[in-house]
Amino acid sequence: MDHFHYRDGALFCEGVPLSRIADEVGTPVYVYSAAAFRQQARAFRDGLAPVPDVHLAYAIKANPNIAVLRLLAAEGYGADVVSGGEMARALAAGMPAEGIVFSGVGKTAAELVRGLEAGIGQFNLELEEEGVVLARLAAERGLTAKAVLRVNPDVDAGTHAKISTGRKENKFGVPIDQAPAMYARLAALPGLAMQGVAIHIGSQLLDLAPLEAAYARVKQLVDELRAAGHTIARVDLGGGVGIAYRAGDVPPDLADYGAMVARATRGWDVRLMFEPGRVISGGAGVLLTTVIWVKPGVTRPYVIVDAAMNDLARPSLYDAWHDFAAVRPTGEHFTANIAGPVCETGDTFAMGREVDRVASGDLAVFHTAGAYGATMASTYNSRALVPEVLVDGDRFAVVADRIAAETILAAERVPEWL
Ligand code: LLP
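Start counting the sequence shown at 44; every next residue gets the next number (my numbering).
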């Protein structure tokens, strides 16, 4: 079911008209549907029903709002975190430490200590030296850290280069051919309890074949490690399942994904860990914006909206597509460029796109903005930090305040000697 839908000609999120949120909170603002998060959380879990032993760790980088985390904790999700800040959020949301996976290519010693002291359930090691440091920090505290070694399977995920992670030239994981020797050295360290291996080959995967190819390589590694006498209890298969952003995108059906995982991992006899991010949160949010001007252009008009690249960076960073739609469409369309107020040519959301005809003062949305939206926002051009609203049925709440430019200015100082 689409939780963003038109009723009497106006766009609603569940039971709440978006115009009401704009009136009460202002724009730009992210609006999330609680029902959409729950639906995807359940669909992902249901898809994996044929897999015997599963742990779901939502990749909170996709949307780390604490209300969202609370909602997903209630759905039984743990978290995949990549910084001390994300760990603090997952814990603050009530996610049990045991269900938290600590990923990330540059965890500092201070972050590792925080993870150890919190009792994080799994550290995903990105290099041997990290394991050596973690083992020492754990042993010094009389603790044992559960860890897996992230390997780079050298598979092309077939996605945008900036969100591909599983090719050998990427910074992530250790080369899979070096993994057996490294694993043996790590497994011998006091303070470290090696559990298995992890992969994550990239994000927004629309094709399951690269994942299946990566699993086959992981299986060979698991066999090799077991043959060498290691107990392999876990394999972390990462995230990456893509979603539809535009007409024609055909993302994997979650039942097909689950069936593929079940087939590819049959007989592995491990707990499989998953780190879904976008697939849980992407479709659950829109960025609500107001048209400031429709500026005549040389070839076509520029629709200048009050949201910009600092609020939703994906189009400028990855040429990402987000559908643009009027909150109260007239039925007329025009071909326009959609841009924000930031002083950069790249601050565009769409060029030469056929969209609902809008006029100055109209409300509009960018769809499918629930993942990697608000969390990647900045205050560039001294703009406010964009707020977030969560809708649940007929009610809504501001779950992140707009942080005014003045508040950010108040944190800056002019030294006395200037
Ligand atoms: N696990 C690891 C180790 C990751 O690096 C990521 C994403 C995930 C899980 C979650 O992947 P997902 O299920 O969301 O595809 N900002 C980019 C996406 C960056 C993804 C980074 N890592 C975007 O807006 O497309």
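Backbone N, C-alpha and C fix where the C-beta goes; we use that ideal spot for every residue, glycine too. All values derive from a computational prediction rather than experimental measurement.
Reduced DSSP category for residue i - H, G, I as helix; E, B as strand; rest coil
i: VAL304; result: helix
i: GLN82; result: helix
i: ALA252; result: helix
i: ARG445; result: coil
i: ILE143; result: strand
i: SER421; result: coil
i: PRO218; result: strand
i: VAL457; result: coil
i: ALA368; result: strand
i: SER207; result: strand
i: ALA351; result: coil
i: VAL284; result: strand
i: ARG438; result: strand
i: LEU297; result: helix
i: GLY272; result: coil
Span of the beta strand (DSSP E), counted from its first residue to its last, around residue i
i: TYR75; result: 72-76
i: ARG193; result: 188-195
i: ASP435; result: 431-435
i: ILE381; result: 376-382
i: MET394; result: 391-399
i: VAL408; result: 406-409
i: LEU168; result: 165-168
C-alpha gap between residue i and residue j, whole angstroms
i: ALA77; j: PRO319; result: 17 Å
i: ARG309; j: ILE109; result: 36 Å
i: LEU61; j: ALA190; result: 45 Å
i: GLY185; j: PRO107; result: 32 Å
i: ASP265; j: THR208; result: Looking at the sequence provided, one finds Val at residue 265 rather than Asp. Cα to Cα, VAL265 sits roughly 21 Å from THR208.
i: ASP444; j: LEU331; result: 15 Å
i: GLY127; j: GLY162; result: 13 Å
i: PHE145; j: GLU129; result: 9 Å
i: THR411; j: GLY285; result: 12 Å
i: ARG132; j: GLY142; result: 13 Å
i: PRO372; j: VAL346; result: 15 Å
i: ILE291; j: ASP51; result: According to the sequence shown, residue 291 is Gly rather than Ile. Computed Cα separation, rounded: 27 Å.
Bridge partner(s) assigned by DSSP for residue i
i: MET130; result: Beta-bridge pairing links MET130 to no other residue.
i: ARG277; result: GLY239, ARG314
i: LYS338; result: TYR345
i: ARG50; result: ALA53
i: GLY121; result: ALA100
i: ASN106; result: Beta-bridge pairing links ASN106 to no other residue.
i: THR332; result: ALA407
i: LEU428; result: ILE446
Beta-carbon contacts of residue i that lie in its chain and below 6 Å, excluding the five residues immediately before and after
i: MET419; result: ALA356
i: MET138; result: ALA116, GLY121, ALA122
i: VAL156; result: LEU180
i: GLN238; result: LYS189, VAL191, ALA276, ARG277
i: TYR258; result: ALA307
Contacting residues, own chain, Cβ-Cβ under 7 Å from residue i (five flanking each side not counted)
i: ASN353; result: VAL385, ALA420, SER421, THR422, TYR423, ASN424, ARG426
i: ASN195; result: GLY209, LYS211, ASN213, PHE215, GLY216, VAL217, PRO218, ILE219
Where the alpha helix (DSSP H) through residue i begins and ends
i: VAL68; result: 61-68
i: ALA161; result: 152-161
i: ALA181; result: 171-183
i: SER324; result: 321-324
i: ARG357; result: 357-361
Residues near residue i by beta carbon distance below 8 Å, same chain, minus five either side
i: GLU57; result: HIS46, SER76, ALA77, ALA78, VAL434, ASP435, GLY436, ASP437
i: ALA402; result: VAL334, VAL337
Short CB-CB distance (under 8 Å) between residue i and chain B
i: LYS211; result: The chain labelled as chain B is not found in the depicted structure, where only one protein chain is given.
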